[in-house]
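Under my numbering, think of the first position of the sequence shown as 339, with each following residue one higher.
Notes to accompany the following structure.
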Amino acid sequence: GHLLMLGGEIKRITQLNLHQAYPDLSPRQRHALLKAVLIETGKTATEMGIMWTWPAQQLQPLIRQVHGEVHMRSALARGKGVLLLAPHIGNWELLGWCLPQYAPTTSMYEPPYFPGIETFMRQGRERSGARLVPTNGRGVKALLDALRRNELVGLLPDQAPDTGYVFADFMGRPARTMTLAHKLVQKTDATVVMGAMIRRPRGEGYDLHFLPGPDLQVADPVLAAARLNRAVQDCVALAPAQYQWTYKRWRKGPKTLSDLYKKA
């Protein structure tokens with residue numbers, strides 16, 4: 339993490355994102371947050387390999403406490419399937435790993451940019467019994483079928499998609515926001531739950547948080563997207579330094595806005 343403080347593109351994007359998300363911080367506070375974010379980013383990178391290779395008996399004890407489990411249990415009890423939205427915060431791989439303990443789980447999966455790690459990643463993610471489906475029509479059908487069987491569907495809701503999006507406010511600026519979550523709820527009446535696996539300090543494991551999900555049972559996709567982004571912000575508030583601020587969340591914004599990431 340300390341290596342990342344030296345500069346470069348990751349640091350530049352993170353600074354721009356933090357400036358957008360937390361305009362009221364003093365320069366000193368923002369620098370402290372930047373440093374914390376880059377350290378946490380280093381931890382996330384290190385954890386990935388562990389997540390895909392360690393056996394279950396080593397992973398399970400890492401989860402020290404579960405908060406808000408009632409939200410997950412009552413969502414499953416409702417019987418309409420559960421759409422678990424997991425923003426890129428903390429250790430989302432460990433969150434994905436533990437979901438099948440609650441119900442059979444299907445997750446959508448974007449093949450990584452590095453083809454070499456794809457098989458490694460898939461095998462790692464499927465070890466826990468989760469089913470991975472591609473980001474296409476066939477994958478969407480598999481998600482709908484899973485929800486209709488009252489199973490769990492996992493989605494990462496906070497990336498800027500190239501298709502299937504609307505613009506909605508995120509941290510004070512319009513961001514491309516997926517419409518898929520809204521469509522799944524419209525078609526199945528699934529219950530939405532937010533999930534986050536937050537790191538404890540000093541390598542003392544993780545706390546799993548379930549939060550009530552946004553109400554996406556509305557006709558307007560822009561309203562649904564705004565609610566989704568607010569729910570993501572609630573997850574970010576659990577541990578702001580552990581959010582993926584290294585990602586260009588506001589990329590390809592509305593034409594009326596200047597490009598946040600354009601180099602001067």
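Quick reminder that beta carbons are idealized off the backbone N, C-alpha and C, glycines included.
These figures come from a predicted structure and were not determined experimentally.
With a beta-carbon spacing of about 17 Å, His369 and Tyr581 fall beyond the 8 Å limit used to define contacts. Put simply, the backbone Cα of Thr526 is about 15 Å away from that of Gly477. By the Cβ neighbour-count rule, Val531 is buried, with 16 or more other Cβ atoms within 10 Å of its own.
Shown here, Ser445 sits in a strand according to DSSP, grouped into three states.
As computed with DSSP, Met532 is found in a beta bridge with Leu423, Leu549. Between Leu546 and Ala519, the C-beta gap is not smaller than 7 Å, which leaves the two residues out of contact.
Put simply, of Gly510, Leu522, Pro592, Met516 the residue whose alpha carbon is nearest the alpha carbon of Leu485 is Leu522. Minimum Cα-Cα distance from Leu376 among the listed residues Arg511, Asn355, Leu363, Ala394 corresponds to Asn355. In this structure Leu595 is not in contact with Thr515, their Cβ atoms being roughly 15 Å apart against a cut-off of 8 Å.
Cβ neighbours of Lys418 within its own chain (closer than 8 Å, five residues either side excluded): Leu485, Asn488, Thr526, Asp527, Ala528, Thr529. The beta carbon of Trp435 sits closer than 7 Å to those of Met389, Leu397, Ser466, all from its chain and outside the five residues before and after it, given in chain order. For Asp500, the three-state secondary structure derived from DSSP is coil.
According to the DSSP assignment, Met516 belongs to the beta strand (DSSP E) that extends over 511 to 516.
Gly462 carries a helical assignment under DSSP once its states are collapsed to helix, strand and coil. Non-local C-beta neighbours of Met509 in its own chain, meaning closer than 7 Å and more than five positions away in sequence, comprise Gln358, Ala359, Gln571, ordered along the chain. For Ala394, the secondary structure class from DSSP, reduced to helix, strand or coil, is helix. Relative to the Cα of Arg511, the nearest Cα in the group Lys590, Leu421, Gln555, Leu422 belongs to Lys590.
Under the 10 Å beta carbon count, Glu378 is surrounded by 16 or more other beta carbons and is classified as buried. One thing to note: Gly543 has its Cβ within 7 Å of the Cβ of Leu400. Note on Thr517: 16 or more other CB atoms within 10 angstroms of its CB, so buried under the neighbour-count rule.
Secondary structure of Arg538 (DSSP, three-state): coil. Looking at the DSSP output, Leu493 shares a beta bridge with Leu423. Val471 carries a strand assignment under DSSP once its states are collapsed to helix, strand and coil.
Across the structure, Leu433 and Met535 are spaced so that their CA atoms are roughly 6 Å apart. Per DSSP, reduced to three states, the secondary structure at Gly346 is coil, with no helix or strand assignment.
Bounds of any beta strand (DSSP E) do not take in Arg568; it lies within the alpha helix (DSSP H) bounded by 559 to 574.
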